[in-house]
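Just so you know, we're using the working numbering here: the sequence shown kicks off at 7 and counts up by one.
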Amino acid sequence: MDTLLSSFSVLGDPQNMALMVIAVMAGIIVGAIPGLTPAIAIGVLIPFTFSFNTDTAFVLLLGIYVGSMYGGSVPAILMGLPGTPSAAVTTADGFPLTRQGRAGEALGVSILSGTIGGVISCVLLVFLSRELAQVALRFGGPEYFSLCLFATTVVFVFSSPSLARGIIAACLGLLLSTIGIDPITPFPRFTFGMSELMIGVPLVPATIGLFCVAEVFRMIESPGETPPEQSRFSGMRTAFPLLPSLAPTIFRSSIIGTLVGVLPGTGATVASYLSYNAQRSLSKERERFGNGSEEGVAASESANNASTGGTMIPLLALGIPGDINTLLLLGAMFVHGLIPGPGLFTDHADLVYVIFGTMILSNLLIFVLGMMFTRWVAAIAAIRKRYLIPVILIISITGPAISYGHVYYFWLTIIFGIIGYLCQRGGFPVLAVAMGLILGPIMETNFRSSLMLPGADLGMFFSRPISGGFLVLTLAILAYAVWREVKLFRQTRTPASAEST
């Protein structure tokens, strides 16, 4: 009880509360700027926490972490420009809603689902930290490979009506992910003698190019188009009546986001993709996905924010970071003399409760600050395209270059913008390209390292229960895709046959 009261006193301290509010606001702003990721914000802030005590340091770091995870959805919805890689899924339905004059509604759904998802994950973090962390220990190389293969298959099957185009797009992403140094044997691949390509394809500029710069190219085709009058702002209130119908989606996606976050190396991006496609497969209105579905926004955003609590579970209980953001938080713990793991819950129980409380309060602040900022930020949706195009293009191209400090990222963003634009024009799903690019290195590393184990063969991917389960699900989804193609072929052939007779 004394430990709990001590944690409440830390969180109730006016200075810590003010820092938390500032951190969440700054996080939302960072997330809303394409090219600036939560990892960059956390990395920049860690040196500034040296002068703070441990409690205050983690109030600041966790506040900006949670805020930035939500912030990426704001430009994703308003401009089709994901501020963070995990917000790319939100773009698929959020931006079409803005085009329909429902920007306020889309932002409202994003804030509500993100807040609820974050709080649900924090509740699971509080009560199930040690229990859920044990699940991650059962995942080895075969399990990670099978999970990534399953996730990639789900994306290309459900993101395109054409199975062939979905497979081609996913394979393109996987091929691009092999550029750079071989992860097992340090040998350059597909670098063509260019030293810049040795580092491979960084995710941030590639994602911004595929989704942001490509959208600018598409906007250039009709620069004089005037946005609908309703898109100036329809208000948060339009999202509240949707909450009862979206509640199952939000709850289901929050659980998925938390569980995916528990698995090291996955994080918010994978959680958003899986939740979005799970909801798409279960929805009664699948045709609306990609054309402005509130379910799509709710699924991606609730999973995105729920992953924050999930990634903290293996970090605190086992000292295993769930993603790059928690990897930096792990470094911050070491800097402040903390050793994460089971001993953290006994030796520093007060800090653990401070972390729990900060995560919950930061997610609640997202709702409050989102309500305050939405009316102002949503005005972007009413700006004419001819004014938006140069602003978006400059932010998209220069953001990664400034963040990484090299002109190589400038050109990389433009190249991937061209790839994304050509994929859109050709009917190839850009989501599948991005998914292959994101999961390619994880799949390759775990597949090859698994086969290097003594006595290993391809059969072990099926013989291990978890890995075999994911592979069975993958085959089932492929079978469904083939059945869908055959059914569509018969439907199109029947009218043609009737006309000929």
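For glycine and all other residues, C-beta sits at the position ideal for the given N, C-alpha and C.
Residue I330 holds the alpha-carbon nearest to the alpha-carbon of I48 among R470, I330 and V488. Close CB contacts of P102 within its chain, under the 6 Å cut and outside five residues either way in sequence, are with N297 and G298 (chain order). Setting aside the 5 residues that flank it on each side, F362 is surrounded in the same chain by V132, each with a C-beta closer than 6 Å to its C-beta; the list follows chain order. For G186, the three-state secondary structure derived from DSSP is strand. At the C-beta level, C154 and N452 come within 9 Å of one another.
Going by DSSP, N452 is part of the alpha helix (DSSP H) stretching over V436 to L457. Here R144 carries a coil assignment [DSSP, helix/strand/coil]. A direct Cα-Cα distance of roughly 45 Å separates C218 from G349. In the DSSP assignment, P211 falls within the alpha helix (DSSP H) that extends over L209 to I214. Closest by C-alpha distance to F64, out of S135, F156 and L367, is L367.
Contact between the stretch 306-317 and the stretch 257-265 is present: 3 or more CB-CB pairs across the two stretches fall below 8 Å.
When DSSP assignments are scanned along the stretch 62-96, no uninterrupted stretch of beta strand (DSSP E) that is 3 or more residues long falls wholly within it. In the DSSP assignment, the residues bridged to R195 are G186. Assignment of Q106 by DSSP, reduced to helix, strand and coil, places it in the coil class.
With at least 16 other beta carbons inside 10 angstroms of its own, T213 counts as buried. Per DSSP, S299 lies in no alpha helix (DSSP H) and is assigned neither H nor E.
Between the alpha carbons of T96 and A245 lies a distance of about 16 Å. The beta-carbon separation of R144 and I448, rounded to 17 Å, does not stay under the 8 Å limit for a contact.
Distance from the CA atom of G446 to the CA atom of A176, rounded to whole angstroms, is 10 Å. For E221, the enclosing alpha helix (DSSP H) covers residues A220 to I226.
At a Cβ-Cβ threshold of 9 Å, P44 and I83 do not count as neighbours. In terms of Cα proximity to N311, the closest of V160, L25, N22 and G33 is G33. F373 and V397 have their C-alpha atoms roughly 28 Å apart.
Straight-line measurement puts the Cα of V163 at about 8 Å from the Cα of I483. The beta carbons of S79 and G89 sit closer together than 9 Å. Pairing M441 with A220 gives a Cβ-Cβ distance that is not under 9 Å.
The residues E301, in chain order, have a CB closer than 6 Å to that of S289 in the same chain once the five nearest residues on each side in sequence are set aside. By the neighbour-count criterion, in which 16 or more other beta carbons inside 10 Å mark a residue as buried, E149 falls on the buried side.
Apart from the 5 residues on each side of it in sequence, L182 sits with its Cβ closer than 7 Å to the Cβ of V207 and L443 in its chain, given in chain order.
Boundaries of the alpha helix (DSSP H) around M31: P20 to A38. With 16 or more neighbouring CB atoms inside 10 Å of its own CB, L335 falls in the buried class. Per the C-alpha coordinates, the member of S116, P254, V210 and A109 positioned closest to G77 is S116. In the three-state reduction of the DSSP assignment, L153 falls in the helix class. Per the C-alpha coordinates, the member of F340, E307, F223 and N59 positioned closest to I421 is F223. Rounded to whole angstroms, L180 and Q21 show a C-alpha spacing of 48 Å.
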